[in-house]
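For reference, the structure is listed below as structure tokens.
In the numbering used here, the protein residues as written are 20 to 225.
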């Protein structure tokens, strides 16, 4: 899959017009750049998928990569929805809040990813190719299942927390990510940090 992005980026670097938003940083990010959402969105976007499918230099492997990108984008659209009006306003059927409709697109996407993650085989080290790590696969499966169960509860409970619809965009960790980015910066801009620098930073701030 990475080869497809590199090949597309190299091809577009030689042309006047570009169909994708790929940059050198998004194709080959450093450890610190890997946590930048903007770079990830340059890769996993409808525009990049379209570029892979319609480029004059298109290769067979590019189509499979494009299909995977579109699959990821659908999940992100469902997870980032914060309003019942997004589907109509943005004219996108996947920007939908979860409701009791059995044909809800969001429910279908979550179930698809939960099953996909559960069925995916995982390997470690250099032998891992075209698959997620065991921890990532497990986290993805449990996240999708948890969101489905939480939505089902909020839609069906007879308590005061009952909702007519559930925008999954409010189940997010932006504040937590911002908190940990402070620790990473204090630890010398290291992406991987241990408990010790976190404790040290907390003690200095007290």
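Quick reminder that beta carbons are idealized off the backbone N, C-alpha and C, glycines included. Every value quoted in this text rests on a predicted model; they were computed, and no experiment measured them.
Put residue i into one of helix, strand or coil per three-state DSSP.
i           : result
residue 217 : helix
residue 180 : coil
residue 185 : strand
residue 83  : helix
residue 222 : helix
residue 42  : coil
residue 63  : coil
residue 29  : helix
residue 125 : helix
residue 151 : coil
residue 105 : helix
residue 163 : helix
residue 55  : coil
residue 74  : coil
Which partner residues does residue i have in the DSSP bridge list?
i          : result
residue 88 : Answer is none; residue 88 lacks a bridge partner.
residue 14 : It is not possible to answer for residue 14, since the shown part of the chain is limited to 20 through 225.
Classify residue i: buried if its beta carbon has 16 or more other beta carbons within 10 angstroms, exposed otherwise.
i           : result
residue 21  : exposed
residue 35  : exposed
residue 223 : exposed
residue 211 : exposed
residue 84  : buried
residue 180 : exposed
residue 32  : exposed
residue 161 : exposed
residue 51  : exposed
residue 138 : exposed
residue 195 : exposed
residue 109 : exposed
residue 175 : exposed
residue 49  : exposed
residue 214 : exposed
residue 75  : exposed
Whose CA, out of the options, lies closest to the CA of residue i?
i           : options             : result
residue 96  : 169, 124 and 57     : 124
residue 68  : 28, 159 and 136     : 28
residue 170 : 109, 130 and 56     : 130
residue 92  : 103, 75, 82 and 113 : 113
residue 77  : 30, 58 and 63       : 30
residue 190 : 134, 120 and 166    : 166
Just checking my contact of residue i with residue j at CB under 8 Å: how many whole Å lie between their CB atoms?
i           : j           : result
residue 41  : residue 73  : 14 Å between Cβ atoms; not a contact.
residue 216 : residue 199 : Not a contact, Cβ separation roughly 11 Å.
residue 46  : residue 24  : 5 Å
residue 81  : residue 71  : 4 Å
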